[in-house]
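Numbering (the working numbering), first residue to last: 41 to 327.
Where is the CB? At the ideal position from N, CA and C, for every residue including glycine.
Since the model is a prediction, treat every value here as computed from it, not as a measurement.
See structure below.
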């Protein structure tokens, strides 16, 4: 099971098993449950900031981080090969769905559908933050299906398939952002595992994902990279080099300063009660 206890990753892992298949399911899930095409129809890829947000939060996201850092085995090179294999499927799928989006948009009232696209992102954010909350919320596919029904407008429908090369290129760019992000996690995984608190990143990315629909609801300017700003703060708060600092302290001088010349044997002579006290102090939060 995922060491990070990520609700989405745990639920998927119980069904598919295997780290590579789990990664493929997590990264392709936005294509399968309709979240990505909903965002394409809602115009989320119209700005460069939107492309980054979709790539990092929808295709990438905390579930991808949890799978690569907590579940995948093998060397960084082996993990990178798995990421590239999965990434190729994600890129192709994103381009195909973006190619169909203009045709589907002709049957919909996009103003109404954008609201449902925002709701589905909020539902995913809630499920990411808490598995218990996710049990009470409808699945994203159900919300999107309701949005399609509510926004169906055949008056502007055209039976001719329409292609938008620019939209397809932006969709590919969003998927490539996610692949580059996952590849970075695979290559630097041995270092990131020691300094990143995965669960703290999960909660922060859930908040970032939750603010993403604010632009769709018109509460903030559409080009304001608010979600990216929250995600950047999440990276800072998830930075947790406590273990590395502890290793450095155990190998260096004691906290008593340079003037303390006691040997390691003398430190080992500390009684059990004193050792327990030191251990409690090292694990006390916010000290």
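Counting along the chain, where does the alpha helix (DSSP H) carrying residue i start and finish?
| i | result |
| --- | --- |
| residue 93 | 88 to 93 |
| residue 63 | 59 to 72 |
| residue 98 | First-last for residue 98: undefined, no H or E at that position. |
| residue 177 | Premise fails: residue 177 is in no alpha helix (DSSP H) and is neither H nor E. |
| residue 269 | 266 to 278 |
| residue 328 | Any answer about residue 328 is impossible in this case: the structure gives the chain only from 41 up to 327. |
Beta-carbon separation of residue i and residue j under 9 Å?
| i | j | result |
| --- | --- | --- |
| residue 62 | residue 134 | no |
| residue 122 | residue 218 | no |
| residue 154 | residue 76 | no |
| residue 90 | residue 244 | no |
| residue 160 | residue 184 | yes |
| residue 148 | residue 188 | yes |
| residue 83 | residue 222 | no |
| residue 191 | residue 156 | yes |
| residue 241 | residue 66 | no |
| residue 238 | residue 109 | yes |
| residue 203 | residue 235 | no |
| residue 73 | residue 179 | yes |
Under a three-way DSSP split, which group does residue i fall into?
| i | result |
| --- | --- |
| residue 140 | helix |
| residue 148 | strand |
| residue 320 | With a pLDDT of 42 at residue 320, under the threshold of 50, the predicted position of this residue should be treated as unreliable, though the coordinate-derived value follows. Looking at residue 320 - three-state DSSP - the assignment turns out to be helix. |
| residue 156 | helix |
| residue 257 | coil |
| residue 190 | helix |
Pick out the complete beta strand (DSSP E) segments inside the stretch 195 to 253, 3 residues or longer, and give them in chain order.
-> none
Take every Cβ of the stretch 238 to 255, pair it with every Cβ of the stretch 156 to 168, and state whether three or more of those distances are shorter than 8 Å.
-> yes
Report yes or no: do three or more beta-carbon pairs, one from the stretch 227 to 236 and one from the stretch 111 to 127, lie closer than 8 Å?
-> yes
Would you check if the stretch 208 to 223 and the stretch 99 to 114 touch, i.e. whether three or more CB-CB distances between them fall below 8 Å?
-> yes
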